[in-house]
Each structure stands twice: as C-alpha cells, then as structure tokens.
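See below for the structure under consideration.
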Amino acid sequence: MAGGLARLTDELGILYGGDYNPEQWDREVWREDVALMREAGVNLVTVGVFSWSHLEPRPGEYRFAWLDEVLDLLHDAGIAVDLATPVASPPPWLGHRHPESLPTTADGTVLSYGSRNQFCPSSDAYRTAAVAIAEQVAARYARHPAVRMWHAGNEYGQVCFCDRCAERFRDWLRARYGTLDDLNAAWATAVWSQEYGDWAEILPPRVAPYHRNPAQELDFRRFGSDLLLDLYREQKAVVRRHDRDRPVTTNLMGFFGGIDPHDWRADLDVVADDAYPDPASPDAAADAALVNHLARGLAGGGSWLRMEQAASAVSWREHNLTKSPERLRTEVLQALAHGCDGALFFQWRQARSGPERFHSAMLPVAGADTAVHQGVRSLGAELRALRGLVGEPVHRRVALLWDWTSWWAATQVALPTARLDPLATLQAWHRELWRLGVVADVVPADRADVALHDYDLVLAPAQYVLDDDSAARLDAYVAGGGHLVWGPFGGVADGLSHLHAGRSPAPLRHVLGVSAEEWVPLPDGGSAVAWSGAGVEGLRGTAATLGERTRSDGADVLATYDDGPLAGCVAVARHAHGSGRTWYVGTALAGPAGGLGDVLRAALDDAGVLLGGQGPGVETVWRGGVLVAINHADRSTTLDLAAARAVGPAAVPTAVLTDLLTGARHDGSATLPLAPYDVVVLATGRP
Ligand code: GLA
C-alpha cells in the first residue's frame, strides 16, 4: 500500500502543488501557470479531476489535444502530474441519456446533473462510461513522462437508494448471510414485524414512518463503502492494464462517514487525505493534529500525503474565515511533523467562475502580487530545505482507538442520549492529549492487524461497538503489560448494534474491574464527582451528558458521583489486569481539577509516557531525529529545548540543534523565543 509515496518523494522531495484545472482556462493562462508554479516550487499537480465533459463532450467523441499540450508543458517545466481518471463528475450527456445513472436519495428524490458527483454507484451506464473514459486516459497517458501517480475519481462518498442499488444491496447481503433465516436473525427482524420472506422484499433503509432497523442501517453503510471501493478498484484495474508501476490512489476525507477507510487502505498505494480545518475553531490546531494522526494510522505509521487543503478560505461553510500565510504555514508544517510527505492544495489557480469562485487557491484571482501567493512561494522554498524529513517515522507511544462501525452505530437514533457525540468525545480526549504534548496514532479497534503492543498506552474514548474478537485483543494487550483507558458508553453493542447481554461492557468488564447495569443520561448541569483515591482526595469535577450505574468488581475506585441519579456509583476507577492496567472513565468529565486531563495525565504517567507539553498552543513533535515546534497561538512564547528533548527518541544526540530553515545552531538546553504562529524545525545530529 503506502510504499508508493516513497518512490515519488525519493525523486521529488516533499511534494508541493495542488489540483490544476486547465480546462477552465485558455492557453495563455497555462503558460503563466507553469511559469508561476516553477517560481513557487511546485513539483506535483493533480490534473483532470473534473475534466470528463471536456475530454468526452459527447459519448465516444474524445478531445485530448488540450491535455496532451498541458502535460507536455508541465513536463517541460519539470512538474510531475498526478493524473485523474475524471470519473467523479459525469458529463450531462450521461444523465440525459441514462436517467437511471443519476443518484436517488433516501426519500426517493432523483438528483439532477448540473452540479458534480451526480452518479449512482450501481449504475451500469455510469460504470461502463467511467471505465471507458478511464481506459482512454490511461491508454493515452500511461507512458507520458509527466505522469507519476494516478488519482482515481475524487473523494468517493456517493450514496444512492435506487432500485438498482437495492438489487446490489441484496447481492451483498446474500454473500454475507447466505440464507434469509440468517439475515433475519442478524437483523433481529422479529422486532416490529420486519421478518423477510423473500430476498426481493429487502430494501435499502429508505425514508420510513419511524425509526429504521439499526442492523439494516449498519449493513447498508458497509455495503455503501464496499460498493464505492468496488468502483475505485475498477478504476485502478483499468489503470493497471496500462501502467503496472506507478502508484494509484484516491483522496480520503479524514473523519468522513461515507466510507470505512480501513477497508480501503490495502488498495491505496498512497494514503492521501484532504483536510480543511476551520480557522474559526479555537481547537483547529488540535483537531487538525487528530486528522493527521488518522492519516498516519491508515498509513500503518508511515508517510502519507495531504492531497487537498485550502491556501486561505474555503467557500462551503456558512461563514468562511480566511487563513493568514503564517497560519497556513503552521498547518502545512504541522502535517509534515506528523508524517506527511507532501502538501497539495485545492487548487492551484482560483476559479473565476462556478460554485467555487470564492474558494482560495495557491494563486488567488487577484494574482501573484498577493500575501497568499507570496506565502505559498516562501513555503515552497522552505519545503525544499526540509527534504530530510521525508520518510522519517513520527515518535509516538500512544494509540487512540476509533473505528467506523462503532462511529456509525453510535450515531444512530434512539440511544439513551443523542448528546454524546462519539467524534466530539474523541476530539475532547485528543485535545487533552494535545495540550499535554502527546502524539497518538488513530487506529481501529476492530482490525486484527493493528499491533497494539507497539503502544505503551491505548485510549478508547468512544468504543460503543466492541465485538468479542476486539475485546479479546484488548484483554491480551492489557494482560501482556499494556495500559488501557476506557471511556463512557463503551463496549455496549456488537457489530450489528445489538446490545451485549449482561453487565456492561460485557466483553471487557473483567479487564476493567468495573461493570454497569444501566446507562444514565445526566440532567442538564451534570453531576458532581468527588475524588477519593490516594493523591486525588478532595478533587472535585463535573460529570456531564451520560454516566453509568456502576459498581466496582475489584477495581480501585478513584471517583464517585456525588449527587444526581448516580450518587455513589463509580465514575473513575483503576484496575490491574495481568501485567497491565486499565482506567475506567465512565462519563464526560470536566475540571477545573479532577477533570479528564487529570485522569489522562495520571494514566500517561502510569504507562511511563513522558509529556512534551510546552506553553499553551505550542506543539512539539519528533520526526526521526528532527524536532518540529509550532506556536499555534497568536502570541509570543518560548520553547524549552531541554523539556522537548526529554520526550524525544532515546537515540537522538543532544548537544546542539540546527535550525533546518535558518541554519542557526542552538544549545540543546536553550530556551528559544517563538513568535506568533512561528515554527522551528530543529535537527539533532547531522542536519
Ligand atoms: C473537496 C474537493 C475539491 C474541492 C474542495 C473544496 O476537497 O475534492 O474538488 O471542491 O473540496 O474545499
């Protein structure tokens, strides 16, 4: 899988560039583009993502001369191309001639063309046409020297509820369950008289009078992800017929619910991710780090590629704050610190027309004489100086568990509360880690190939679904000496959203030494939590949203609910299991003291993970022998090098650090000033 990136970066260094849509411009502009790209240090552009109608204006009528010219121009300028199979947005002729190729929503509305992404993933007409255009593109350009990578489709995420999708869903279910009896059992269709007597009766979870079957919904999510993966594979297979060699990928979208990326990763030669952190969010830097941790987790801890980001504002939020060049630089260098080996943008040149005309780009509509473009240029120059980071591993000892099945299931309707959003819980836990200076991979609990024993501490903030195999892996991890922190409303259901029988979390309660008999939404204002364990007596916190009616089955109780419906129940506990240790945190805990951050700090300490926390807003990350320190805040601060070095890899030599961007050398125990949004990249040993 991800090895495809090394071949590109060995040749080109850190990848820098973006989506390039020359079909929107005339020739003179192409020439200017290429000249400006060179000046900006661009070495890779993604071409053709939305070019289908320009390449095939009528079915079977191809127009390639313009793309020939663009690829030649780019190649002559030494700019490599990530060439798209342009199948994300079919031309109007497809929807016009084949209305059945258009997608249908859950309420039966057929979506029109005139936008983009208007296809039904099951449509034979779409698939035939998509394979045909991909075949043309791959056959024509597989040997073009500019092409170094293939970009199949774009941001796969289409969902359709049409009759053809219903048929394919039934095929998928037949393969999964074999018999109707097994399907009825798996979906618990005895509830509400839903038993199916004929495969033909089974439908996607379309709009219905009341709540739909949760197992059916989960299976439809899985099916939808598999169906899109099938499309991606079809495109990749076309490319492979013409090019056996160069990496093929598509762009993921971080925490996007439409596909389960863990099912895709084996088919992606490069893990490529799009990210658009909201500059308006006070947690943008921490949350951006979390998305980077997900990408690295998907890449098995190796390098990955940022396929898209915005140079300044996006245009799809309600209110689109701009990003200063300094802030953009922090985001790009932050990703690099977290294992990213390329910074690509949507898009190279800002559109003058179309729905994305207010979306920023590397080259704004106002031209090159702009702060955004000058920032892009200086960043391009800096990235050349950071080539040594490429391929280096990120130093991390902690994992955050997160899998799509659990996310999907925990966001279904009719739960004890709709207020315990799993992603918000993950983010809240990670923000505490981030403040403490801890880097964590995001890895799935539901895959056997994740090596949990590589981590000193595993956090499970929102593991609603826990099947028996995953529980057995966690048990073995802890018994073997690992440390696990378990969050609220975890281990409640199996992979079909059926509740586990018995005290909760049934598959893991012996590991936690705590069990619950009821999930209890807390009144507005929450409940007081009183701490009682050694070293924490007298601390008080607040429990919010949901708790569990618990008892200790052997765990040391650290905190109990002091009032409200759970008064006297265990809120936080610690338990020894085998040679390891577990921490149970059964609610959303807030401080100021005795809050989540304090529990995580204690668990990290217990697991021997040193904290790299510097001043507020300062993030430090070790990548290989290089320390990246980022001031995400709008105020000056300092960087304590001795403290930062203390949490780095043990093998790193210490005496002098060299700033890879300025050449300055610093004593390894110095305190460096950090200006607002400043980033320093310091090499130990040989720069
Ligand atoms: C996505 C798409 C791009 C563009 C950007 C805008 O990432 O892939 O084509 O629309 O969003 O932010």
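In terms of our numbering, the sequence shown opens at residue 23 and continues consecutively. Quick reminder that beta carbons are idealized off the backbone N, C-alpha and C, glycines included.
In the three-state reduction of the DSSP assignment, Gly-39 falls in the strand class, which pools E and B. Short of 6 Å from the beta carbon of Ala-655, and not among the five residues preceding or following it, lie these beta carbons of its own chain, in chain order: Gly-639.
Just so you know, the alpha carbons of Gly-70 and Ala-333 end up roughly 20 Å apart. Considering only Asp-300, Thr-344, Ala-335 and Leu-274, the residue with the shortest C-alpha distance to Leu-316 is Leu-274. Distances from the CA of Leu-534 to each of Pro-543, Trp-541 and Ala-595 were compared; the closest alpha carbon is that of Ala-595. For Ala-332, the CB falls within less than 7 Å of some heavy atom of the ligand GLA.
Restricted to the stretch 442-473, the alpha helix (DSSP H) segments that are unbroken, complete and at least 4 residues in length are 444-458, listed in chain order.
A straight line joining the alpha-carbon of Gly-646 with that of His-417 spans about 7 Å.
Separation of the CB atoms of Tyr-38 and Ala-407 is rounded to 12 Å, and the pair is thereby denied contact status at 8 Å.
Remark: C-beta atoms of Val-394 and Ser-382 approach each other more closely than 8 Å. With 16 or more neighbouring CB atoms inside 10 Å of its own CB, Pro-143 falls in the buried class.
Exposed is the label assigned to Gly-136, since fewer than 16 other Cβ atoms lie within 10 Å of its Cβ.
If you ignore the 5 residues before and after Arg-351, its C-beta comes within less than 6 Å of the C-beta of Leu-401, all in its own chain and listed in chain order. Shown here, Gly-280 sits in coil according to DSSP, grouped into three states, outside any helix or strand. Rounded to the nearest angstrom, the Cβ distance from Ala-110 to Gly-175 is 5 Å, consistent with a contact under 8 Å. Just measuring C-alpha positions, the residue of Ala-207, Ala-311 and Asp-471 sitting nearest Ala-288 is Asp-471.
As the crow flies, the alpha-carbon of Leu-568 is around 7 Å from that of Leu-442. Within the same chain, Cβ atoms closer than 7 Å to the Cβ of Val-153 are found at Glu-256 and Val-260, the five residues on either side in sequence being excluded. Ala-705 has its alpha-carbon roughly 9 Å from the corresponding atom of Gly-410.
Within the same chain, Cβ atoms closer than 7 Å to the Cβ of Phe-72 are found at Asn-43, Pro-108, Ala-110, Ser-111 and Arg-138, the five residues on either side in sequence being excluded. Pro-695 carries a strand assignment under DSSP once its states are collapsed to helix, strand and coil.
Annotated three-state conformation of Arg-138 is coil, per DSSP. By the neighbour-count criterion, in which a residue is buried when 16 or more other Cβ atoms sit within 10 angstroms of its Cβ, Thr-693 is exposed. In this structure, Gly-634 keeps its C-beta atom at 8 Å or more from the C-beta atom of Gly-563. In this structure, Gly-517 and Tyr-486 do not form a Cβ contact; the two beta carbons are roughly 11 Å apart against a cut-off of 8 Å.
A straight line joining the alpha-carbon of Glu-540 with that of Val-607 spans about 15 Å. Among the bridge pairs identified by DSSP, Tyr-606 is matched with Trp-508 and Ala-595. Within the stretch 503-581, the complete alpha helix (DSSP H) segments at least 4 residues long are 531-534, listed from N- to C-terminus. Taking the C-beta atoms as reference points, Pro-167 is found no nearer than 8 Å to Phe-141.
Taking the Cα positions, Met-329 is about 35 Å away from Ala-515. When Glu-559, Pro-587, Arg-573 and Asp-575 are compared, the shortest CA-CA separation from Ala-566 is found for Pro-587. The alpha carbon of Trp-214 has as its nearest neighbour, out of Tyr-232, Leu-205 and Gly-200, the alpha carbon of Tyr-232.
In the three-state DSSP reduction, Ala-302 falls in the coil class, being neither helix nor strand. A Cβ-Cβ separation of about 5 Å places Ser-247 in contact with Asp-282 under the 8 Å criterion. Of Gln-449, Thr-604 and Val-678, the smallest CA-CA separation from Asp-305 is found for Gln-449.
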